[in-house]
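Chemist: Mind the numbering: the sequence shown is residues 0 to 457 in numbering that gives the first Met the number 0, read in order. Cβ atoms here follow ideal geometry from the backbone N, Cα and C, with glycine treated the same way.
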Amino acid sequence: MINIAIVDDDPISTQIVLKFLRSVFACDVMTYGTAEDFLKALPNAAPFDVVLLDIILPGMDGITVLKRLPELMSEPPPVIMLSGQEKIDTAVEALRNGAKDYMTKPFDLVRLEQAVRTIIEVNSLRAEVKELRHQITKEIYSSEIIASSSEMREVFNFITKVKDANVPVLILGESGTGKELVAQAIHHYGNRSKQPFIAVNCAAIPNDLLESELFGHERGAFTGAVERKEGKFELANGGTLFLDEVAEMDTAMQSKLLRVLQSKQLERVGGKEPVPVDVRIISATNANIGDATASKRFRPDLYYRLSTFPIVLPPLRKRKSDIVLLADHFLRKYAAEYGKEGTVFDKEVIRVFGEYNWPGNVRELENIIQRAILMSEGKRIRTADIPNLSPVPLSHLESLEPAFDALSEIPTMEQMNELLVRHALKREQGNISTAAKTLKIGRATLYRMIKRFGSKAG
0 MINIAIVDDD
10 PISTQIVLKF
20 LRSVFACDVM
30 TYGTAEDFLK
40 ALPNAAPFDV
50 VLLDIILPGM
60 DGITVLKRLP
70 ELMSEPPPVI
80 MLSGQEKIDT
90 AVEALRNGAK
100 DYMTKPFDLV
110 RLEQAVRTII
120 EVNSLRAEVK
130 ELRHQITKEI
140 YSSEIIASSS
150 EMREVFNFIT
160 KVKDANVPVL
170 ILGESGTGKE
180 LVAQAIHHYG
190 NRSKQPFIAV
200 NCAAIPNDLL
210 ESELFGHERG
220 AFTGAVERKE
230 GKFELANGGT
240 LFLDEVAEMD
250 TAMQSKLLRV
260 LQSKQLERVG
270 GKEPVPVDVR
280 IISATNANIG
290 DATASKRFRP
300 DLYYRLSTFP
310 IVLPPLRKRK
320 SDIVLLADHF
330 LRKYAAEYGK
340 EGTVFDKEVI
350 RVFGEYNWPG
360 NVRELENIIQ
370 RAILMSEGKR
380 IRTADIPNLS
390 PVPLSHLESL
400 EPAFDALSEI
410 PTMEQMNELL
420 VRHALKREQG
430 NISTAAKTLK
440 IGRATLYRMI
450 KRFGSKAG
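1) Name the DSSP bridge partner or partners of Val420?
2) Please classify Phe221 as buried or exposed, where buried requires at least 16 neighbouring CB atoms within 10 angstroms.
3) Checking 9 Å against the spacing of the C-beta atoms, do Phe452 and Ile310 come in under that value?
4) DSSP puts Ala198 in a beta bridge; with which residues?
5) Residues in its own chain within less than 7 Å of Pro392 by CB, not counting five upstream and five downstream?
6) Around the Cβ of Ser320, are there at least 16 other Cβ atoms within 10 angstroms (buried) or fewer (exposed)?
7) How should His395 be labelled, buried or exposed, when 16 other C-beta atoms within 10 angstroms of its C-beta is the threshold for buried?
8) What are the residues that DSSP puts in a beta bridge with Tyr101?
9) Looking only at its own chain, which residues have a Cβ that is under 8 Å from the Cβ of Ser375, when we skip the five neighbours before and after it?
10) Quick test of your reading: Gly175 and Asn2, contact by CB under 8 Å. State the CB separation rounded to the nearest angstrom.
11) Output the boundary residues of the alpha helix (DSSP H) element that contains Ala283.
12) Closest by CA to Ala202, which one among Lys162, Glu347, Ser282, Pro275?
13) Quick check: Val109 and Ile79, are their CB atoms within less than 9 Å of each other?
14) How many whole angstroms separate the CB atoms of Thr103 and Glu85, which I take to be in contact at a CB cut-off of 8 Å?
15) Rounded to a whole number of angstroms, what is the C-alpha to C-alpha distance between Phe329 and Tyr355?
16) Kindly indicate the opening and closing residues of the alpha helix (DSSP H) around Gly155.
17) Would you give the residue range spanned by the beta strand (DSSP E) that Leu312 belongs to?
18) Across the region 242-256 and the region 292-304, are there enough close Cβ pairs to call them in contact, namely three or more that are closer than 8 Å?
19) Closer than 6 Å by C-beta to Asp100: which residues in its own chain qualify, once you throw out the five before and the five after it? Chain order, please.
20) Report the rounded CA-to-CA distance for Ala326 versus Phe352, giving the unit in angstroms.
21) Beta-carbon within less than 6 Å of Ala423's beta-carbon, same chain only, minus the 5 sequence neighbours each way: which residues are those?
22) Taking the alpha carbon of Ser262 as the reference point, which residue from Leu373, Leu312, Val199, Pro275 has its own alpha carbon closest?
23) Drop a sphere of 10 angstroms on the beta-carbon of Glu173, count the other beta-carbons inside from all chains shown, and report buried for 16 or more, exposed for fewer.
24) Check the C-beta distance from Leu240 over to Val278 and give it rounded, since I have them as a contact under 8 Å.
25) Which ranges does the alpha helix (DSSP H) cover as unbroken runs of at least 4 residues, wholly within the region 318-380, from first to last along the chain?
26) Whole angstroms is fine: what's the gap from Gly189's alpha carbon to Thr30's?
27) Under three-state DSSP, which class holds Gln428?
28) For the region 6-13 against the region 49-59, do three or more pairs of beta-carbon atoms, one drawn from each stretch, fall closer than 8 Å, so that the two count as touching?
29) Between Ala164, Arg191, Leu111, Val348, which lies nearest to Ser22 when the distance is taken from Cα to Cα?
30) Does the beta-carbon of Arg447, which I'm using as the reference point, lie nearer than 8 Å to any heavy atom of the ligand MG?
31) Starting from Met252 and walking both ways along the alpha helix (DSSP H), at which residues does that stretch end?
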């Protein structure tokens with residue numbers, strides 16, 4: 000079913016065209032007597048496949064509407080201009096401003112049918128090309144990896160090279176860049192795809208429990224161990240084990256992991272018999288693991304073992320050409336989930352997305368679009384539906400680089416966090432609530448940080 004709009008103040012002409020279109024196409028046709036009525040209806044109307052737009056209208060004329068459509072919509076509909084006068088200069092102006100065709104009254108209905116059919120066929124071809132492009136750029140590896148930038152094409156190239164190689168892969172990148180998606184893609188398109196993919200977030204499990212989580216335990220190994228439990232290594236046997244935030248392991252756990260990787264066998268906690276395992280290891284971190292190795296917080300021998308094949312994921316601010324693709328994907332995904340199919344972005348929203356630096360990367364973009372769809376009225380996402388995304392010339396991290404370069408020693412993350420807490424408390428004159436809002440964290444989190452750093456709230 001195609002959607003057609005007729006914008007014409009001549010009721011007789013409108014009825015003739017309306018009946019004719021319905022006789023030759025499976026279509027829904029909406030009619031508007033003025034440009035103002037048409038523009039007012041656009042935000043909540045289903046996207047039109049074709050618009051038949053009269054030039055001479057009461058109030059705003061058709062040429063003005065034609066010029067305004069690209070300002071109001073990121074993907075304006077194809078327009079056929081209608082006129083009761085055959086003027087060459089008017090036709091040229093209409094075509095120059097984006098009209099797909101120009102027809103004079105009284106209409107040659109056969110030519111009208113041909114013009115509309117051509118536009119519909121072009122629309123269909125464009126949709127097919129767009130879908131194929133999506134298949135090539137994102138669905139090649141995962142329905143969630145959306146990209147066409149040169150930076151991500153390099154990542155895809157790495158995935159292709161390593162997917163069937165039984166070597167450890169280390170994925171490096173900021174939070175929210177999609178490290179687990181890349182790990183899933185390597186597994187899914189590799190020769191272990193029919194075997195399990197098991198993911199473990201090393202930062203989310205206390206170090207005293209991580210050994211049991213990874214290697215399992217025997218009955219009676221510790222209080223509460225009422226039965227034997229297989230660990231993640233055994234569950235992933237034959238497949239892939241993804242160790243996210245691997246740099247958060249303490250050095251004792253790192254030693255045990257290294258021993259398993261070297262020997263290809265493990266001992267459950269409380270056990271004495273070695274258990275052979277065949278697991279492909281993919282690990283990831285958002286930390287500077289090189290610095291962690293240099294400072295002895297991460298074992299160099301484990302680092303070399305894990306990083307046989309490193310893949311660096313660029314932050315979203317370094318691949319801005321992917322933002323529209325990603326935004327379109329998340330828009331369609333959540334519009335379908337919340338029953339708002341056909342929702343579109345205002346052009347201004349796309350502009351704001353392009354200027355923002357996305358410190359939270361793809362995850363932040365997805366969350367903002369999900370919220371916007373829930374908050375929006377009708378089927379159009381406006382700037383009012385998204386939070387205030389202030390454009391910054393450089394990311395906060397990049398803007399701090401000159402200051403760091405002037406230091407003889409880079410401060411640790413703990414030192415930076417303490418500095419931020421103290422600064423926020425000083426600026427807010429010791430008010431915990433406003434300091435927490437400034438830092439964009441909860442009051443309870445701030446209290447814990449104050450206790451840890453020994454900061455005093457004035």
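Modeler: Judging by the given coordinates:
1) For the purposes of this step, residue 420 is identified with residue 421 of the sequence shown, where counting begins at 1. For Val420, which the question treats as bridged, DSSP gives no partner whatsoever.
2) As a position in the sequence shown, residue 221 is number 222, starting the count at 1. Result: exposed.
3) Within the sequence shown, residue 452 is the residue found at index 453, counting from 1. Within the sequence shown, residue 310 is the residue found at index 311, counting from 1. No, the pair does not count as a contact, with Cβ atoms beyond the cut-off.
4) Sequence index remark: in the sequence shown, residue 198 carries index 199 (1-based). Partner(s): Phe241.
5) Numbered from 1 along the sequence shown, position 393 holds the residue referred to as residue 392. Confidence in Pro392 is poor, its pLDDT being 45 and thus under 50, which makes the residue's placement unreliable; the coordinate value appears in the next sentence. Cβ neighbours of Pro392 beyond the five flanking positions: none.
6) To locate residue 320, count along the sequence shown from 1; it is residue 321. So Ser320 counts as exposed.
7) On the sequence shown, residue 395 is found 396 positions in, with the first residue counted as 1. At His395 the pLDDT is 48, less than 50, meaning the model places this residue with poor confidence; the figure from the coordinates comes in the next sentence. Its Cβ having fewer than 16 others within 10 Å, His395 is exposed.
8) Numbered from its first residue, the sequence shown carries residue 101 at position 102. Tyr101 is bridged to Met80.
9) Here residue 375 corresponds to residue number 376 of the sequence shown, with the count starting at 1. Cβ within range, chain order: Lys339, Thr342, Arg381, Asp384.
10) Walking along the sequence shown from the start, residue 175 turns up at place 176. Walking along the sequence shown from the start, residue 2 turns up at place 3. 37 Å between Cβ atoms; not a contact.
11) Here residue 283 refers to the residue found at position 284 when the sequence shown is read from its first residue. Segment 279-284 is the beta strand (DSSP E) holding Ala283; no alpha helix (DSSP H) there.
12) Taking the sequence shown and counting its residues from 1, the one referred to as residue 202 is at position 203. Cα-wise, what sits closest to Ala202 is Ser282.
13) The sequence position of residue 109 within the sequence shown is 110, counting from 1. The sequence position of residue 79 within the sequence shown is 80, counting from 1. Going by C-beta atoms, Val109 is not nearer than 9 Å to Ile79.
14) Along the sequence shown, one-based indexing puts residue 103 at 104. Along the sequence shown, one-based indexing puts residue 85 at 86. About 5 Å; that satisfies the 8 Å criterion.
15) One-based indexing of the sequence shown puts residue 329 at position 330. One-based indexing of the sequence shown puts residue 355 at position 356. So the alpha carbons of these two residues sit roughly 17 Å apart.
16) For the purposes of this step, residue 155 is identified with residue 156 of the sequence shown, where counting begins at 1. Correcting the residue type first, residue 155 is Phe in the shown sequence and not Gly. Phe155 -> alpha helix (DSSP H) spans 149-161.
17) Numbered from its first residue, the sequence shown carries residue 312 at position 313. Where Leu312 is concerned, there is no enclosing beta strand (DSSP E), given that its DSSP letter is neither H nor E.
18) yes
19) Taking the sequence shown and counting its residues from 1, one reaches residue 100 at position 101. Same-chain partners within the cutoff: Ile79, Ala114.
20) Counting from one through the sequence shown, the residue named residue 326 turns up at place 327. Counting from one through the sequence shown, the residue named residue 352 turns up at place 353. So the two alpha carbons sit approximately 9 Å from each other.
21) As a position in the sequence shown, residue 423 is number 424, starting the count at 1. Around Ala423: Ala434, Thr437, Leu438.
22) Within the sequence shown, residue 262 is the residue found at index 263, counting from 1. Of the listed residues, the one whose Cα sits closest to Ser262 is Pro275.
23) Here residue 173 corresponds to residue number 174 of the sequence shown, with the count starting at 1. Per the 10 Å Cβ criterion, buried.
24) Taking the first residue of the sequence shown as 1, we reach residue 240 at position 241. Taking the first residue of the sequence shown as 1, we reach residue 278 at position 279. About 5 Å separates the two Cβ atoms, so the contact holds.
25) 322-336, 346-354, 360-374
26) Counting from 1 along the sequence shown, the entry for residue 189 is found at position 190. Counting from 1 along the sequence shown, the entry for residue 30 is found at position 31. Distance between the alpha carbons of Gly189 and Thr30 is about 54 Å.
27) Numbered from its first residue, the sequence shown carries residue 428 at position 429. If DSSP states are grouped into helix, strand and coil, Gln428 belongs with coil.
28) yes
29) Position 23 of the sequence shown, counted from the first residue, corresponds to residue 22. Looking at the Cα atoms, Leu111 is the closest of the given residues.
30) No copy of the ligand MG occurs in the structure displayed, which carries no ligand at all.
31) Residue 252 sits at position 253 when you count from the first residue of the sequence shown. From DSSP, the alpha helix (DSSP H) with Met252 extends over 250-262.
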